[in-house]
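Quick note: the sequence shown uses this note's numbering, first residue 5, plus one each step.
One structure below.
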Amino acid sequence: MRYVVLMVGLVLAAGAVAFAQEPTPAPEPTPTPTPSPVATETPVPAGTPAFEDPVDQPSVPPDFAAIQWRASEAKGSWARKGRLVRGVLLPELGEDFFTWDPIFNRIPNREWRRYGTDRLIRTVLTVIHQFRTEHDSAQRVGIMDLSRTHGGRFGREYGGLGHASHQNGLDIDILYPRKDGTEARPTKPSQVDRKLSQELVDRFVAAGAIKVFVGPKLKLKGPRNVVVPLIYHDDHLHVRVR
5 MRYVVLMVGL VLAAGAVAFA QEPTPAPEPT PTPTPSPVAT ETPVPAGTPA FEDPVDQPSV
65 PPDFAAIQWR ASEAKGSWAR KGRLVRGVLL PELGEDFFTW DPIFNRIPNR EWRRYGTDRL
125 IRTVLTVIHQ FRTEHDSAQR VGIMDLSRTH GGRFGREYGG LGHASHQNGL DIDILYPRKD
185 GTEARPTKPS QVDRKLSQEL VDRFVAAGAI KVFVGPKLKL KGPRNVVVPL IYHDDHLHVR
245 VR
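Encoded structure:
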């Protein structure tokens with residue numbers, strides 16, 4: 005009997021020890037939160053202009069593509085001993101413009117009368133393209149004389165009244181838009197669309213023209229000493245750049 009009691013006691017003690025030594029389950033690990041992706045800006049290539057909106061980006065005039073560009077030099081004065089080095093040829097026709105021969109009164113102007121500095125031609129085509137973009141129903145803008153192939157005197161011996169200036173690639177004659185939309189030279193002031201002509205004057209002034217000669221009968225306005233009324237300019241405006 006004493007032996008049985010002893011064995012029962014040993015069994016109960018062993019169970020208690022086993023219970024005490026049973027490992028406690030480890031707590032489940034707390035999941036590590038995955039960070040949300042952070043938006044990053046795409047790097048902008050160096051030299052890219054910053055525009056707030058794609059609409060603000062200036063468009064390149066389509067007529068640039070047809071031109072053989074080179075760095076030009078205007079030598080001497082626009083009226084005396086002027087020369088044009090590496091002049092750029094303006095095409096006879098473009099998407100935004102046509103050329104007009106002031107001697108034969110027809111399209112196009114002759115090639116040797118259509119040379120200017122690269123700066124002059126870039127300025128003129130940019131202004132004309134912006135003007136035509138704003139007025140997409142307007143006729144193309146007419147362009148008459150620039151300078152001769154290598155510049156120099158452009159007097160009466162070259163036809164008509166000749167030019168007192170136009171010697172070094174910095175001058176250009178632009179026909180006023182006509183009321184009837186015809187792509188031709190106005191023959192009298194009443195044919196000129198004065199509203200569109202004033203806008204052209206304003207745009208050339210804003211583009212940095214140092215002179216814009218206009219017809220006295222048209223009453224076109226602009227900054228004093230920049231926009232100047234001058235006889236023989238009732239059919240065209242004369243733009244000069246630096």
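Glycine included, each C-beta is placed from N, C-alpha and C at the ideal position.
Computed from a predicted model, the values in this text were never measured in an experiment.
One thing to note: F68 has its Cβ no nearer than 7 Å to the Cβ of V131. Taking the Cβ atoms as the reference, I147 lies roughly 6 Å from I178, within the contact range of under 8 Å. In the pairwise beta carbon analysis, the segment 85 to 95 is classified as touching the segment 108 to 127: at least three pairs are separated by under 8 Å.
Taking the Cα of R87 as reference, the smallest distance to any Cα among L174, L129, G164 and Y162 is reached at L174. CA-to-CA, the gap between D184 and I214 works out to about 30 Å. In the DSSP assignment, I176 forms a beta bridge with V243. Distance from the CA atom of K225 to the CA atom of V231, rounded to whole angstroms, is 7 Å. Separation of the CB atoms of G155 and I107 is rounded to 19 Å, and the pair is thereby denied contact status at 8 Å. Taking C-alpha positions only, P233 is separated from Y180 by approximately 14 Å. Straight-line measurement puts the Cα of N229 at about 27 Å from the Cα of R152.
As DSSP reads the structure, G120 sits in a beta bridge with V92.
Taking G212 as reference, the option from P227, N109, K192 and L222 with the minimal CA-CA separation is P227. In the three-state reduction of the DSSP assignment, P233 falls in the strand class.
Excluding the 5 residues flanking it on each side, L222 has same chain C-beta neighbours closer than 7 Å at P193, V196, R198, S201 and D238, in chain order.
With contacts defined by Cβ atoms closer than 7 Å, A83 and N172 do not form a contacting pair.
In the DSSP assignment, A78 falls within the beta strand (DSSP E) that extends over E77 to K79.
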